[in-house]
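At position 20 of the sequence shown the residue is numbered 20 (the numbering used here), and the sequence of numbers has no breaks.
Each remark here refers to the structure printed beneath this line.
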Amino acid sequence: MTTQASWKSEIFQATLNFLPDWLQYTAIGLAVGGFVVFKVVKWRRGRALRRALGPITPIPDVPDGARGADYLGAYAPQQPRNDATT
1 MTTQASWKSE IFQATLNFLP DWLQYTAIGL AVGGFVVFKV VKWRRGRALR RALGPITPIP
61 DVPDGARGAD YLGAYAPQQP RNDATT
């Protein structure tokens, strides 16, 4: 009983048989290398996406309904102290 290969693998095998040995090994190496690079890029994208969608910190309550640049919180410039009350 023989197994039947898919038509894609048959075409690939027939194409490789026409090439010299050194070029066959190069073509197979490039195909395997391309597959590995594809998987690594896919893995890195998924990892970056999971990191981007990571824990979301809630926005603190802001007084008087101020938003964004209207409320600087701890980053607001300090007001100069006026200790000269004589």
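Ideal Cβ placement from N, Cα and C applies to all residues, glycine included.
If you're wondering where the values come from, they're calculated on a predicted model, not measured in any experiment.
So what does DSSP say about residue i, is it helix, strand or coil?
{"i": "residue 18", "result": "coil"}
{"i": "residue 6", "result": "coil"}
{"i": "residue 49", "result": "helix"}
{"i": "residue 44", "result": "helix"}
{"i": "residue 33", "result": "helix"}
{"i": "residue 23", "result": "helix"}
{"i": "residue 54", "result": "coil"}
{"i": "residue 76", "result": "coil"}
Taking residue i as the reference, give the member of the options with the closest Cα.
{"i": "residue 27", "options": "49, 13, 56, 8", "result": "13"}
Could you give the C-beta distance for residue i and residue j, rounded to a whole number, given that I count them as a contact under 8 Å?
{"i": "residue 30", "j": "residue 24", "result": "11 Å between Cβ atoms; not a contact."}
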